[in-house]
Every structure is written in structure tokens, then in C-alpha cells.
Amino acid sequence: MKSTMAITLALPKGRIFEEAMPLLARAGIVPDVSPEATRKLIIGTNVADLRIVVVRASDVPTYVQYGAAELGIAGADILMEHGGDGLYQPVDLSIGHCRLCVAAPVGFDYAGAVRRGARLRVATKYVHCAREFFARKGVHVDLIKLYGSMELAPLAGLADAIVDLVSSGATLKANDLVEVEQIVPISSRLVVNQAAYKTGRDRLASLIGAFSQAVRT
Ligand code: PRP
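According to this note's numbering, the stretch in the sequence shown is residues 11 to 227, in order.
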């Protein structure tokens, strides 16, 4: 068990991680060892009673929601898919910029299919976001849940289109896909456990302030 004074910050592995480290430094937080140089999952920092846990990006909201971490960094995509229950999202960290998009093979008449009211098969890891988006547009879709490499689905004949994150666009291009519709721009947020915030307001408020400051510097 951790001491009641200790604060845990959940950091996501993967694409956000590299941008998160300089932001932490600007917020005055330096890990005792580089998370990339160790297989340890719990890492101390230079800030008294602040430790870092490194988890899968999609697990960050869960750690924070249940109070296993008081703070976390999570992409807006992950937060929308999670639902955000029990979480404050006080700071847009302005890292991990990308967009959630619909993409389809070059030459596929997506707009025509939508106009005709065709039923589309769409592969995605973002089932909730995709369901809401297509429902709002009145587009009929069968959603196929995948856990990665969505770009393969149209090429392999599994789906007509995908809903996925696009950053540089290189992955789409390399797989003969094009963005046909943007759903929402994405960036990473600082998330805070709501109950912990109410009880440990001073300590958490000063860390939240340090992150807000770091975003502006
Ligand atoms: C994301 C996304 C695309 C890729 C897009 O994957 O799923 O595959 O990045 O980036 P690009 O437009 O710059 O090519 P990520 O690397 O986050 O890994 P994931 O498959 O685990 O989501």
C-alpha cells in the first residue's frame, strides 16, 4: 500500500510518452530513472511523494478513475472512448496532436455510399466514438472492433472503411488509404481523480498549476 500522502501519476506508453517527458521536466518533475531505460513500472521522482506509473495508454483513465493514480495523462480519443466517469480534465496539455478520422481505400466512393444510404462496414478500436459519430450523421454502419493495425482491415477485405487516429498521414498513404472525413481533433489532457481532488486539493492543485504553467512555457 502506498502512504496516504503519496501521489501517483499515470503516464501512457506509446505515442504520447516522448512528448510527455519534456512537459514533465517543464513542470519540474524529473523521474529517478528514465522510464525507457528501466523495466520498472513504478518510478520515483525528484518531487517528494510523487511517483510515476507507466501503463498502456488505454488503461490511464481506469487507473485514475479508481484512484490507483491521482493524476494521469491521456489522449482525448482514449477519454472519449472511456467516457470520463470520475475524472476531471483540468488541462489541455497541447501534446499528442492528431485527429480522429474516417479513412477509406483510394478510389472508394465513400461520399456516394453515404448518400445512397449504403450500409458500411467500419473497423475501429474507437467503437463508442464511431457509433456516436455515424449515428449523428444517420449513416448505417456495422462496426468491427479491432485492437490495432486498423489500416489493414480494408486491404484485407474485412471492412469498407476505418476510424483511426491520423497524425502525419504517412500510415494511411503507405497503405493506399485516404482520409474521407474528420471526426474530431485530438490532444492529450491532464486527468485527475475527482474524489482525490476534493480531499487533497492543495497538493493536487499545485501539481495541476505546474502542468498549466508548463504548457505555457
Ligand atoms: C496511430 C494510428 C495510426 C498512426 C497514424 O497508431 O493508429 O496507425 O498512429 O500516424 P501517422 O498519421 O503519423 O502515420 P499508434 O502509433 O498510436 O499505435 P497504435 O496502433 O497502438 O494505436
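Ideal Cβ positions, reconstructed from N, Cα and C, are used throughout, including at glycine.
Name the two residues that bound the continuous beta strand (DSSP E) containing residue i.
i   : result
Y98 : L97 to D102
A16 : Taken as a continuous stretch (DSSP letters only), A16 belongs to no beta strand (DSSP E), as it is neither H nor E.
A84 : L81 to G85
Heavy atom of the ligand PRP less than 8 Å from the Cβ of residue i, yes or no?
i    : result
S177 : yes
E28  : no
A180 : yes
M160 : yes
D174 : yes
K135 : yes
Rounded to a whole number of angstroms, what is the C-alpha to C-alpha distance between residue i and residue j?
i    : j    : result
Y309 : V137 : Because residue 309 is not part of the residues shown, which for the chain are 11 to 227, the question remains open.
I39  : V57  : 6 Å
M11  : P164 : In this predicted model, M11 has a pLDDT of only 48, less than 50, meaning its place in the structure is not dependable enough to derive any value.
T72  : A206 : 14 Å
Q223 : R131 : 44 Å
G24  : L217 : 23 Å
Y157 : L175 : 13 Å
G127 : D152 : 13 Å
Just to confirm my understanding: we take residue i, look at its own chain, exclude 5 residues before and 5 after, and list those with CB closer than 6 Å. What are they?
i    : result
V201 : V74, G82, A84, L97 and Q99
What residues in its chain sit with their C-beta under 7 Å from that of residue i, if we drop five residues either side in the sequence?
i    : result
V149 : V124 and L130
I88  : A67, S68, V70 and P71
T55  : I39, V40, P41, D42, R61 and I62
Along the chain, where does the alpha helix (DSSP H) that runs through residue i open and close?
i    : result
P32  : F27 to R36
I218 : R211 to R226
P71  : V70 to Q75
L182 : A180 to A184
Practice item. With a floor of 4 residues, list each alpha helix (DSSP H) that falls wholly inside the segment 108 to 177, ordered by position along the chain. Key: Note on the segment 108 to 177: whole alpha helix (DSSP H) runs with a minimum of 4 residues are 120 to 126, 137 to 147 and 162 to 165, in chain order.
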